[in-house]
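There are 2 protein chains.
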Amino acid sequence: MTAPRPFNFSAGPAALPEPVLRQVAEEMLDWHGSGMSVMEMSHRGKEFGTILAAAEADLRELLAVPPNYRVLFMQGGGLGENAIVPMNLSRGGKVDVVVTGSWSRKSAGEARRYADVQIAADIGKTGVIPREWALRDDAAYVHVCSNETIDGVEFQELPELTHGVPLVIDASSHLLSRPIDWRRVGLAFGGAQKNIGPAGLTLVFVREDLLGHALSICPSAFNYETVAANQSMFNTPPTFAIYVAGLVFQWVKGLEYAGRRGLAAVEQRNIDKAALLYAALDGSSFYENRVDPSCRSRMNVPFFLKNEALNDTFLAEARAAGLLQLKGHKSVGGMRASIYNAMPLEGVQALVGFLKDFEVRHG
Amino acid sequence: MTAPRPFNFSAGPAALPEPVLRQVAEEMLDWHGSGMSVMEMSHRGKEFGTILAAAEADLRELLAVPPNYRVLFMQGGGLGENAIVPMNLSRGGKVDVVVTGSWSRKSAGEARRYADVQIAADIGKTGVIPREWALRDDAAYVHVCSNETIDGVEFQELPELTHGVPLVIDASSHLLSRPIDWRRVGLAFGGAQKNIGPAGLTLVFVREDLLGHALSICPSAFNYETVAANQSMFNTPPTFAIYVAGLVFQWVKGLEYAGRRGLAAVEQRNIDKAALLYAALDGSSFYENRVDPSCRSRMNVPFFLKNEALNDTFLAEARAAGLLQLKGHKSVGGMRASIYNAMPLEGVQALVGFLKDFEVRHG
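Going down the list, the sequences are from chains A and B. When the letters of the first sequence are read in order and numbered with the working numbering, they come out as residues 1 to 363. When the letters of the second sequence are read in order and numbered with the working numbering, they come out as residues 364 to 726.
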């Protein structure tokens, strides 16, 4: 287990920090002298209570979550939240959605089960987030996907809504990669399986004034007010996934990079990784990224070989070079490099080296 | 890590087989030479595809699931299913619920959001499952909790409904502890965190003719037809929990006991463990179990010290003797020993020895 691990560019479930995996393995049979694996602990016991409290405290500290926001540890992933958000927040009224890619489009479709949904703007095939949004003053909320995993489109700054309507962000694939400007956000949610931990854990951050308005058909287990009132233990939470997430939070807190520490270090490293990769793609006529530089994702970098007949060869040679899971999403094709928090700079350097080498040999 | 582990009587999340935990630890950084932890794999890649297919095939074999039942790997636990079942099956009509304890009572309450719910029978404080049920011919389904985790009440035989209405069983806390008579069941569900794996995975077995009738307000991620059509990958499934469950299925298949193998061995061992523990309780005037012998659970054995002033001493001495998590549910009080599949006979023998010893010293 001491050989270097390959670099894993999966879009999610995604690479986790190696020290976290090692600690999980070491503690598997006996967590802190308890005689139990974390998987075997009652969620109501003091051991897991300690784990949950530490995870929440560390996450609040990392993201500077204000006290009037509740942090909920839930299940169902982003697709679950596509229904759970409107069941809790829409009041059966109006919801405005800004479509910037596949995920926000899916969110709009699902919200139509519960609300009058309007597409306030649509990126279409332009590759640039629209500036003009048709917003309704009486909407219950405005939904954006702040990082589109499939399309590689990210809001570099969250919109500042001035019409008094709360903003909901689907932050699944860049949560914990950068700070969140909470003044602009009413609710944020995200699946854990990108930057945070195993699939099956969903994080929700909700401003307290948005609690208490769920539709009567909202299941109790997915009612934010009920979940909040029970400290995320109305039903049995995904305890092991929360434990792994807590270790990841500790890892982020301790990360040092470019004279920074914690989330600032992670963010700077993500900026540098993305700059390196986009520069390599833009500097070549062999590869192509089609997203406007103003809104390119730091996390998910879809790209294409201009000669797509080489796709299979590219993937096979990448794998042989220890660069895993680079195939693009089936709806888009081509390639995608997801370079989440756990991807070291060396991984992106290795990918860039491979891109140049492959171009020399096949260009 | 070679010292014997304590015996863990948690009601869930609960003890897992030690060989499974060891294998999970060993494969944590590199699953089968893939260079990835299972936590880090795309759910759409061939590696996880292999894991999911094997888990489903082994589970189908163990429980002899007929081909016209779909096996779904979902999220949200039993409390989530309390809403998800009526959203999928009730058609907004009538649902009959037989109350045999806390869990079936909760299920009835949640189903009222979606359907006209009638309590067909209620165990009350009798400790015996009622024989007379007031069933409606035009109900969409009849719900029972086939093992009540909190109350320690189990159906030793599933009811045979003769009025043409499907039976739904909440089998969370005895799933995979014994065979299921599928001729009597339309749908079975259960959280994994008792006999199967980590919390955060929910198993649903549904007869195909019951698919396709979800209410329009049912979230896509929880629509059985959608989940089935996407082979449990409409949203990202709890991949790591499914992997652990798959290892547990392998462990069950290989278990040998009393000349039996697989589920038959597990069941016989559960019968013997329960008989040993109930005999010790019944043979003492110091302890008491209040459930009628006709419907005592093989899995969850609530019991009381007649002198409840000794409760804290009992728990402290039990813990010191390596017998963990014996405290009863807060709504019931007293003690509870959950003796799921992973509990060896030696664990129950140790508990029985401790019961006798404690009685000698404090009786």
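Backbone N, C-alpha and C fix where the C-beta goes; we use that ideal spot for every residue, glycine too.
Residues Ser583, Phe597 of the same chain have their beta carbon placed closer than 6 Å to that of Thr589 of chain B, with the five preceding and five following residues left out of the count. Asn598 of chain B reaches chain A at Gly76, Gly77, Gly78, Leu79, Gly80, counting residues in chain order whose Cβ is nearer than 8 Å. Scanning A:Leu175, A:Arg290, A:Leu276 for the CA closest to the CA of Ala245 of chain A turns up A:Leu175. Along the length of the segment 192-259 of chain A, whole alpha helix (DSSP H) runs at least 4 residues long occupy 224-229, 239-254, reported in chain order. Using a Cβ-Cβ cut-off of 8 Å, Ala592 of chain B does not count as an interface residue toward chain A, since no Cβ of chain A sits closer than that to its own.
The contact set of Tyr477 of chain B on chain A, defined by CB atoms closer than 8 Å, consists of Ile217 in chain order. Out of B:Gly697, B:Pro367, B:Ser373, the CA that lies nearest to the CA of Ser536 of chain B is found in B:Ser373. Looking from the CA of Asp272 of chain A, the closest CA among A:Ser297, A:Asp292, A:Pro237 belongs to A:Ser297. Counting only Cβ-Cβ distances below 8 Å, Ala584 of chain B has contacts in chain A at Gly76, Gly77, Leu79, Gly80, Asn82, Ala83, in chain order. Nearest C-alpha to Arg136 of chain A among A:Tyr243, A:Trp31, A:Val117, A:Val128: A:Val117.
Contact between Met404 of chain B and Thr602 of chain B holds, since their C-beta atoms are separated by about 7 Å, short of 8 Å. Here Ser331 of chain A has Ser102, Ile150 as same chain residues with Cβ atoms under 7 Å from its own Cβ, once five neighbours each way along the sequence are excluded.
Rounded to whole angstroms, the Cβ separation of Leu687 of chain B and Gly35 of chain A is 6 Å, and the two are in contact under 8 Å. Between Val204 of chain A and Leu167 of chain A, the CB-CB gap reaches or exceeds 8 Å.
Given a length threshold of 3 residues, each whole run of the beta strand (DSSP E) inside the segment 44-123 of chain A is given here in chain order: 69-74, 94-99, 116-122. Residue state for Leu323 of chain A is assigned as strand, using DSSP reduced to three classes.
His725 of chain B: member of the alpha helix (DSSP H) spanning 708-725, first to last residue. If the five residues before and after Ala171 of chain A are omitted, its C-beta is found closer than 6 Å to the C-beta atoms of Ser146, Ala188, Gly190, all from its own chain and listed in chain order. Against chain A, the beta carbon of Ser400 of chain B has neighbours under 8 Å at Leu16, Leu21, listed in chain order. In the structure shown, the three-state DSSP call for Ala388 of chain B is helix.
Tyr141 of chain A sits in a strand when the DSSP states are folded into three classes. Interface criterion not met: the Cβ of Ala700 of chain B is under 8 Å from no Cβ in chain A. 8 Å or more divides the Cβ of Leu29 of chain A from the Cβ of Ala592 of chain B.
Partner residues in a beta bridge of Met41 of chain A, as assigned by DSSP, do not exist. Interface with chain B (8 Å Cβ-Cβ cutoff): His163 of chain A is excluded. Residues of chain A whose Cβ lies closer than 9 Å to the Cβ of Glu473 of chain B are, in chain order, Pro219, Ser220, Ala221. In the structure shown, Glu495 of chain B falls within a coil segment according to DSSP collapsed to helix, strand and coil. For Asp181 of chain A, there is no enclosing alpha helix (DSSP H), since its DSSP letter is neither H nor E. Around the beta carbon of His395 of chain B, a 10 Å sphere encloses fewer than 16 other beta carbons of the protein chains shown; the residue is thus reported as exposed. Sequence-distant Cβ neighbours of Ala108 of chain A in its own chain, meaning closer than 7 Å and more than five residues away, are Val97, Val99, Val117, Ile119.
One thing to note: Asn82 of chain A has its Cβ within 8 Å of the Cβ of Glu110 of chain A. By the Cβ-count criterion, Gln193 of chain A is buried, with 16 or more other Cβ atoms from all chains shown falling within 10 Å of its own Cβ. For Ile513 of chain B, the three-state secondary structure derived from DSSP is coil. Residues of chain B whose Cβ lies closer than 8 Å to the Cβ of Ser177 of chain A do not exist; the shortest such Cβ separation is about 17 Å.
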